[in-house]
Amino acid sequence: MGGRPIDGESEHTDAGVPDDVRHTVMKAAYDELTRWGLERFDIPTMCSRHKIDEALVTEYWGDGSRLALEALLYWSNDVLTAPDTGSLRTDLQALATVVAQQVNDTVGRSLLRALVVDDRAAFADDTRMAFWMRRFASIRSVFDRAAARGELRDGVDTIAAMQLVLAPINVRALYTREPIAEHYCAAIADLAWHAVAKR
């Protein structure tokens, strides 16, 4: 996978969870999310299929939405560290490349598809929104630093600016089986830079 190893520690998780428990549960959660998507993800089914003590899982994670969010945040750990190359243009290129590397991974692409909204949703949209807002918050510093350097034009909506980079790559990953090529990442980053850079 392109993201954080599932047996590592994370700033987004409860530090009280034993490493072996987290490893086992994260592995099972990945399998369930990639197999069934967020709509059909639930703790009892996961525990039954993977022979895990359900009481242990609910003790540490409570409900399925919290566990699903943690699994998704583990997967997205690479992009949670914002690039810092010294310029907005190269930061956007680096960001596009990292996102593409994640969704070019088989499990990463499956987890992205698990986030697609379905009218049979098992969870409220809060789980998806929490994931995307944590993701945006982690890379907002790309634009904050650019603004401090005087590279960003006035009035730029930071979330919209991030979506200029993330959305085209994610859409291509959702609707095709083709890997996201480097030249496509470069083109997306260049378009985003022209849209937000101060002239």
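First residue of the sequence shown? That's 1 in full-length UniProt numbering, and the numbers climb one at a time after it. The beta carbon of each residue, even a glycine, is placed where N, CA and C say it ideally should be.
Check your understanding: Over what stretch of residues does the alpha helix (DSSP H) that includes Gly108 continue unbroken?
Key -> From DSSP, the alpha helix (DSSP H) with Gly108 extends over Thr106 to Ala114.
**Study point:** Status (buried if at least 16 other CB within 10 Å, exposed otherwise) for Pro168
**Key:** If you draw a 10 Å sphere on the C-beta of Pro168, you find 16 or more other C-beta atoms in it, and that means buried.
**Study point:** Met46 classed as buried or exposed, judged by whether at least 16 other C-beta atoms fall within 10 angstroms
**Key:** buried
Exercise for review: Report buried or exposed for Pro83, applying the criterion of at least 16 other Cβ atoms within 10 angstroms of its Cβ.
Suggested key: buried
Review point. So the alpha helix (DSSP H) Phe143 belongs to, where does it begin and stop?
Key: Ser141 to Ala148
Review point. Would Gly37 pass as a contact of Arg113 if the rule is Cβ separation under 9 Å?
Key: yes
Review point. Helix, strand or coil: how does DSSP classify Ala197 here?
Key: strand
Practice item. State the start and end residues of the unbroken alpha helix (DSSP H) segment that holds Asp20. Key: Asp19 to Trp36
**Study point:** Top-ranked residue by Cα proximity to Lys27, from His50, Ala187, Leu152 and His183
**Key:** His50
Review point. Out of curiosity, what's the CA-to-CA distance linking Leu152 and Leu92?
Key: 12 Å
Review point. How long is the line joining the alpha carbons of Glu54 and Leu95, rounded to whole angstroms?
Key: Their backbone Cα atoms lie some 38 Å apart in a straight line.
Point to revise | First and last residue of the uninterrupted alpha helix (DSSP H) at Ala167 | key: Thr158 to Tyr175
Exercise for review: Pull up the distance between the alpha-carbon of Ala188 and that of Ala68, whole angstroms please.
Suggested key: Residue identity differs from the one stated: residue 188 is Ile in this sequence, not Ala. One C-alpha to the other measures close to 29 Å.
Review point. Contact check, Ala173 vs Val98 under 8 Å by CB: the rounded distance?
Key: At roughly 13 Å, the Cβ-Cβ gap does not stay under 8 Å, so Ala173 and Val98 are not in contact.
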